[in-house]
Every structure is written in C-alpha cells, then in structure tokens.
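Note that the protein sequences, when read in sequence, are chains A and B.
Taking our numbering, the leading residue of the first sequence gets 3, the next gets one more, and so forth.
Taking our numbering, the leading residue of the second sequence gets 3, the next gets one more, and so forth.
Just so you know, even glycine gets a beta-carbon here, dropped at the ideal spot from N, CA and C.
Beneath this line is the structure, given in structure tokens, with notes to follow.
There are 2 protein chains.
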Amino acid sequence: MPKPEAARPHPLAGRQPAALRSLFRAGRYTGATTGLAPGRLQCNLVVLPHRAAQAFAAYCAANPAPCPLLYMGAPGDPMLDALGADIDIRTDLPAYLVHRDGNSGPAVPDILDLWRADSVALLLGCSLSFEEALVAAGVRLRHLERGGDIAAFRTSIKTTPAPPFSGPLVVSMRAVAAADAGRAGAITTRFTHAHGAPLHTGDPAALGIADVERPDWGEPPTIQAGEVPMFWACGVTSHLALLNARLPLAITHAPGAMLITDLAADKPPEPISSS
Amino acid sequence: MPKPEAARPHPLAGRQPAALRSLFRAGRYTGATTGLAPGRLQCNLVVLPHRAAQAFAAYCAANPAPCPLLYMGAPGDPMLDALGADIDIRTDLPAYLVHRDGNSGPAVPDILDLWRADSVALLLGCSLSFEEALVAAGVRLRHLERGGDIAAFRTSIKTTPAPPFSGPLVVSMRAVAAADAGRAGAITTRFTHAHGAPLHTGDPAALGIADVERPDWGEPPTIQAGEVPMFWACGVTSHLALLNARLPLAITHAPGAMLITDLAADKPPEPISSS
Chain A
3 MPKPEAARPH PLAGRQPAAL RSLFRAGRYT GATTGLAPGR LQCNLVVLPH
53 RAAQAFAAYC AANPAPCPLL YMGAPGDPML DALGADIDIR TDLPAYLVHR
103 DGNSGPAVPD ILDLWRADSV ALLLGCSLSF EEALVAAGVR LRHLERGGDI
153 AAFRTSIKTT PAPPFSGPLV VSMRAVAAAD AGRAGAITTR FTHAHGAPLH
203 TGDPAALGIA DVERPDWGEP PTIQAGEVPM FWACGVTSHL ALLNARLPLA
253 ITHAPGAMLI TDLAADKPPE PISSS
Chain B
3 MPKPEAARPH PLAGRQPAAL RSLFRAGRYT GATTGLAPGR LQCNLVVLPH
53 RAAQAFAAYC AANPAPCPLL YMGAPGDPML DALGADIDIR TDLPAYLVHR
103 DGNSGPAVPD ILDLWRADSV ALLLGCSLSF EEALVAAGVR LRHLERGGDI
153 AAFRTSIKTT PAPPFSGPLV VSMRAVAAAD AGRAGAITTR FTHAHGAPLH
203 TGDPAALGIA DVERPDWGEP PTIQAGEVPM FWACGVTSHL ALLNARLPLA
253 ITHAPGAMLI TDLAADKPPE PISSS
C-alpha cells in the first residue's frame with residue numbers, strides 16, 4: 003500500500019478567520035479555503051435577488067441533506083455579523099463566480115458592483131465540517147491526504163423540486179475502511195448542517211452510478227481492498243439546481259473558495275434569521 | 003418467498019388527528035398509534051422539570067440524529083397549540099410511562115396529577131415519518147407488513163454526553179432490497195427531523211453488533227437473499243439516556259403510543275419555541 007504523502011503546510015496555515023477574510027478582501031488571495039482555519043465553519047455562498055432567494059430557500063428546505071441552508075441575510079444588507087466580525091459578503095471570500103442565464107463567467111475577486119438593494123446572501127453548509135471530525139476520530143480519508151478534489155456523481159435520484167429549482171441529487175464518494183464505516187456514519191449524523199449521515203454505503207449501482215471510477219466531478223477515486231464506498235449528499239446538487247433555473251443573475255463562491263466564519267464547525271448558526 | 007399478508011385495517015383507521023386525541027383524552031384507547039392518521043407527524047414525548055428539560059435539550063442538540071428535538075413547550079403550559087388544535091399534552095396521548103430514579107412504572111392513561119408549574123414537554127421526531135415515505139415510494143419494509151416491532155440494537159458507539167445525559171447510540175435495522183438501498187437512503191435524508199439518512203448499511207460488526215439476529219429490542223429480523231441491512235439512528239437512544247440519568251421524575255409516552263399532531267409528517271414544526 004502506498005504511504006500517504008505528508009500534506010504540505012498551507013502558506014496561510016495558522017491564520018485566524020478575521021485575518022484571512024482581510025486578506026481576501028484586499029484581493030491578496032484568490033484560492034481555495036480547504037484546510038484553512040481548521041475547526042471553523044466554512045460555508046458555500048449563493049447570492050440572489052430577494053424573490054429568487056425565497057424560492058431557493060424553499061428548495062433547500064425540501065432537500066436539507068444536499069442543500070443545508072444555514073443562514074439567509076436581510077435583503078440589501080451585505081454585513082453578516084451573525085457569522086463573524088465585520089463580514090462583508092461582497093468582498094470577504096477569495097473569489098466569486100457570476101452566472102447569467104445559467105452560464106458561468108470567470109472567477110472575480112469581489113461582487114461590489116453587482117450587489118443591489120434586493121440582493122440576499124444565502125449560506126449553505128459544506129462537507130469540510132464533517133471531514134475534519136472524521137479525520138480527528140482517526141478515519142482515514144485518502145482524497146485529503148492526496149490533496150485532490152473529491153469525486154462527485156450525478157445520481158438517478160431526483161431532488162424535490164421547488165420552482166424554478168430542480169435537478170438530480172449529486173453525491174460525493176469517500177472510500178472508507180470497512181471497519182471504520184459504522185463510526186464514520188455515526189459521526190456524520192451529528193452534522194445535519196453539513197450533509198449529515200451517508201445516504202448510501204456499498205454498490206454504486208443502487209444510486210444509478212454506472213462506473214464509480216468515472217466521476218462527474220473531481221478526480222477518479224480508488225477503492226482499495228478492505229474499503230467500502232460511502233456516499234454523502236453533495237453541495238453540487240444546489241449548484242446544478244441553480245444553473246438549471248437559468249436566472250438572469252446568480253452569484254456563488256468560486257469552487258473551493260468559501261466563506262470562513264468565526265463559528266465552530268460543529269455549531270451551525272442559530273436558525274435562519276432573514277427577511 | 004412468502005407473500006406479504008395484507009395488513010388488517012385498524013379499528014380507528016380514517017379518523018382525523020383531533021378526533022383521535024379526543025378518544026385518547028377520554029381514555030377510550032390506550033394502544034399504539036402506529037398506522038393511525040397516516041401522513042401526520044407523530045412525536046415521542048418526554049416531560050421533565052424545567053432545569054432537567056434544558057439539559058435534555060442540550061443532549062438532543064448534541065445528538066440530532068438519534069434525538070431530533072422538534073418542539074419544547076413553555077414551563078407549566080400543557081397546551082401545545084403549535085402542534086395541533088387544543089392539544090393538552092397531559093391527556094392527549096393514549097398512554098404514558100412514569101419513571102422514578104430510572105425505574106419505569108406501568109402505563110397510565112394521563113399525567114394530570116403529575117403536571118407541575120415547572121413541567122416542560124419535549125417532543126421528538128420518530129421514524130414513522132420516514133417509513134411512510136419509504137413505503138409510498140415502493141420500498142418494501144417487511145417489519146411493517148408483518149406487524150412486528152422493529153429490531154433495535156445497542157451499538158459500541160457512544161453519544162455525545164450532556165450531563166446528566168449520556169449513553170450508547172441505539173440503531174434500528176431495516177432489511178431493504180439491495181436495489182432499493184440508494185433510494186431508501188436518499189428519501190430518508192429529507193427527514194432530518196426524523197433520524198435522517200441511514201448511518202450505516204452493511205456489516206453489522208462495524209457498529210459493534212455481534213449478532214444481527216439477536217436485537218436488544220424488538221423482534222428478531224430476517225435478512226433475505228438480495229437484501230442489505232440498513233441502520234438508522236433510533237429514538238431508544240434518548241430513552242436510555244433518560245433512564246441512565248436516574249432523575250427523581252421523568253415522564254414519557256408509553257411504547258408506540260405517541261402524540262399525533264395536526265402537522266404533515268414531512269413538515270416539522272417551526273424551530274423550537276420555548277422558554
């Protein structure tokens with residue numbers, strides 16, 4: 003069995019969330035936030051006009067595992083104090099994507115010129131939260147050691163639609179030692195704000211996945227002897243639903259470039275405030 | 003393969019939630035609520051003095067999958083209007099159990115004489131909600147067809163303690179056709195208020211279960227050829243933690259005799275009101 007390579011420390015390792023957000027705001031880092039500020043809650047971002055935001059919130063409520071909506075800002079207010087000191091959601095992520103009519107443009111460092119009086123920020127949980135907990139409990143996650151993107155698959159299962167949002171359920175796959183599978187499942191049940199328990203373990207065909215070595219997103223995984231494939235609901239689900247809706251304007255975080263909050267990864271914010 | 007026996011209709015089938023609660027209040031039915039008012043949210047009940055209720059709520063928050071706390075009443079107020087018309091939690095369940103110092107007494111038809119100025123009702127989600135959705139989607143659940151109690155197992159996994167509450171994670175097991183396993187997992191992800199996705203599928207040993215044919219609660223299950231065992235977090239977890247705490251007084255619903263609310267099974271109440 004190949005030895006895991008020691009992960010190289012990130013140049014921003016050890017920085018606190020507020021210091022990281024200042025760097026991002028100043029445009030001095032536009033990369034991924036994976037591995038930064040361990041133990042802090044990171045969130046996916048969607049920015050929509052108020053009416054579409056309400057519909058998107060309904061879609062999330064109907065599909066809580068793939069789309070765990072944690073927080074919804076007030077219309078027009080870019081400051082998200084409930085999630086951390088002085089967070090300005092227009093500047094404090096490393097990079098953003100702007101989607102027009104379902105087509106995605108290149109990454110941009112801020113969205114100051116796109117923010118409007120009816121813009122609403124929606125923050126969704128992500129799997130970083132539970133991956134840290136798994137690793138802390140001694141569950142080996144090889145995609146983290148390897149530093150690659152996790153494999154994600156479109157399934158044959160449809161999410162519950164909430165017009166104009168609909169689409170397939172997307173899952174991420176982690177190969178886990180069979181002896182660790184029960185514990186990994188139990189640990190992730192606590193992260194209902196971050197996709198929760200695995201929705202399937204075992205035969206990929208049960209999810210309509212024809213070839214587990216050919217993911218729709220991320221890098222081809224390897225399943226070693228003594229490991230079982232475990233599938234969790236994946237945030238790409240909400241991204242697909244967003245693009246499927248072909249809205250005139252939608253904004254998201256750039257891939258991997260998430261909001262780093264001041265909150266603990268295992269403590270989501272109080273129930274959605276909002277509008 | 004034996005044919006499933008057609009389930010005999012329940013004598014109270016077709017009654018609305020308010021009508022059922024009236025019967026229970028009048029002491030005219032003290033049995034289980036399984037199968038009654040399909041499509042309506044049913045809840046497990048725990049009644050504790052205010053201080054212990056706060057601690058129990060913390061235990062539930064730390065273990066959301068086995069202990070999905072849906073609602074917490076105001077101290078001393080037995081009326082739970084948020085859950086249904088005219089619900090008096092002291093009388094409107096078919097039967098209750100009273101536990102003193104961790105010892106359970108016989109079932110009683112009401113708790114009028116035990117309700118105090120600082121009594122708090124806590125309502126927890128249960129797996130009936132998602133079982134109906136599974137059956138509606140064509141997933142065969144043989145324990146329902148057979149009419150027996152579901153098999154539940156003490157695992158080797160500990161819940162996150164919140165003193166004085168602690169104990170092992172208990173899981174329920176359903177044998178599901180391998181081809182249905184992915185869909186069953188995906189459907190139950192939507193029921194984060196009712197144990198959510200399965201925490202494990204496959205080898206029972208991964209949960210510390212030595213013999214899947216000898217459950218700690220319920221009837222011995224059979225796993226037929228072509229089926230996989232699927233394990234969900236189980237409400238017995240909170241019951242064990244409650245008894246482990248050996249409080250001077252705690253009240254719960256009697257086994258299977260739950261609160262039938264006016265709410266839809268797939269729509270939990272608004273986030274906990276309370277105290």
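Residue nearest to Q226/A in terms of C-alpha spacing, selected from H197/A, T93/A, A179/A | Here the question's residue 226/A lines up with position 224 in the first sequence. Comparing Cα-Cα distances from Q226/A to each of H197/A, T93/A, A179/A, the minimum goes to A179/A.
Measuring from the CB of T36/A, is there a heavy atom of the ligand GDP at a distance below 7 Å?
-> Of the ligands one can find in the structure shown there are none, so the ligand GDP has no counterpart to examine.
Between I159/A and the rest of its own chain, which residues show a CB-CB distance below 8 Å, the 5 nearest in sequence each way excluded?
-> Here residue 159/A corresponds to residue number 157 of the first sequence, with the count starting at 1. Excluding residues within five positions, the ones whose Cβ falls inside 8 Å are P170, L171, L209, G210.
In angstroms, rounded to a whole number, what distance separates the CA positions of A188/A and L85/B?
-> Here residue 188/A refers to the residue found at position 186 of the first sequence. Here residue 85/B refers to the residue found at position 83 of the second sequence. So the alpha carbons of these two residues sit roughly 30 Å apart.
From R142/A to S240/B, what distance separates their C-alpha atoms?
-> On the first sequence, residue 142/A is found 140 positions in, with the first residue counted as 1. On the second sequence, residue 240/B is found 238 positions in, with the first residue counted as 1. One C-alpha to the other measures close to 30 Å.
So which residues of chain B does I159/A contact, with C-beta pairs closer than 8 Å?
-> Along the first sequence, one-based indexing puts residue 159/A at 157. Per Cβ cutoff of 8 Å: G184, R185, A188.
Relative to the C-alpha of G78/A, which residue among H52/A, A59/A, D205/A is closest?
-> Mapped onto the first sequence, residue 78/A falls at position 76. Checking every option, the nearest Cα to that of G78/A belongs to H52/A.
Spell out a yes or no on whether the stretch 26-37 of chain B and the stretch 64-80 of chain B are touching, meaning 3 or more CB-CB pairs, one atom from each, closer than 8 Å.
-> no
A177/A, DSSP secondary structure in three states | On the first sequence, position 175 is the one that residue 177/A refers to. In the structure shown, A177/A sits in a strand (DSSP, three-state: E or B).
In whole angstroms, what is the alpha-carbon distance linking L14/B and L38/B?
-> Within the second sequence, numbered from 1, the residue matching residue 14/B stands at position 12. Within the second sequence, numbered from 1, the residue matching residue 38/B stands at position 36. Cα to Cα, the separation comes out at about 7 Å.
Nonlocal neighbours in the same chain, by C-beta distance under 7 Å from A267/B, ignoring five residues either side | As a position in the second sequence, residue 267/B is number 265, starting the count at 1. Cβ within range, chain order: G41, R42, L43, S131, E134.
Does L171/B have its Cβ less than 8 Å from a Cβ in chain A?
-> If you number the second sequence from 1, residue 171/B lands on position 169. For L171/B, the answer is yes, since a Cβ of chain A falls inside 8 Å of its Cβ.
Three-state class that DSSP yields for V238/A in the structure shown | What you label residue 238/A is simply residue 236 of the first sequence in a count that begins at 1. V238/A: helix per DSSP, three-state reduction.
Residue span of the alpha helix (DSSP H) that contains H52/B, given as start and end | Here residue 52/B corresponds to residue number 50 of the second sequence, with the count starting at 1. Start and end: 52-64.
Expected contact under 8 Å - CB spacing of S174/B and A153/B to nearest Å = For this step, residue 174/B is matched to residue 172 along the second sequence. For this step, residue 153/B is matched to residue 151 along the second sequence. Going by Cβ atoms, the distance from S174/B to A153/B rounds to 7 Å, so yes, they are a contact pair.
Is the Cβ of H202/A closer than 8 Å to any Cβ of chain B?
-> Within the first sequence, residue 202/A is the residue found at index 200, counting from 1. Judged by the 8 Å Cβ criterion, H202/A is in contact with chain B.
Measure the beta-carbon distance from V238/A to L126/A and round it to whole angstroms, keeping in mind my assumption that it falls under 8 Å.
-> Taking the first residue of the first sequence as 1, we reach residue 238/A at position 236. Taking the first residue of the first sequence as 1, we reach residue 126/A at position 124. Rounded, the Cβ-Cβ distance is 11 Å, inconsistent with contact.
Answer yes if the stretch 227-237 of chain B comes into contact with the stretch 183-203 of chain B, meaning at least three C-beta pairs across the two stretches below 8 Å, and no otherwise.
-> yes
Enumerate in chain order the residues of its own chain whose CB-to-CB distance from G220/B is below 6 Å, with the five nearest sequence positions on each side excluded.
-> As a first step, residue 220/B must be located in the second sequence, where it is residue number 218. Closer than 6 Å at Cβ, skipping near neighbours: D151, I152, A153, A154.
Strand pairing of V122/A, partner residues [DSSP] | Here the question's residue 122/A lines up with position 120 in the first sequence. The partner list for V122/A (beta bridge, DSSP) reads L50/A.
Using a C-beta to C-beta distance shorter than 7 Å, which residues of chain B count as neighbours of I235/A?
-> As a working mapping, residue 235/A is identified with position 233 in the first sequence. For clarity, residue 235/A is Ala in the given sequence; the question names Ile instead. Result: T191.
C-beta atoms of A34/A and S129/A nearer than 8 Å | As a position in the first sequence, residue 34/A is number 32, starting the count at 1. As a position in the first sequence, residue 129/A is number 127, starting the count at 1. No, Cβ-Cβ distance for A34/A and S129/A is not below 8 Å.
If you follow the beta strand (DSSP E) that V286/A is part of, which residue opens it and which one closes it?
-> The requested residue 286/A is not part of the displayed model; chain A covers only 3 to 277.
8 Å Cβ cutoff, P108/A in contact with chain B | Against the first sequence, residue 108/A aligns to sequence position 106. P108/A does not count as touching chain B.
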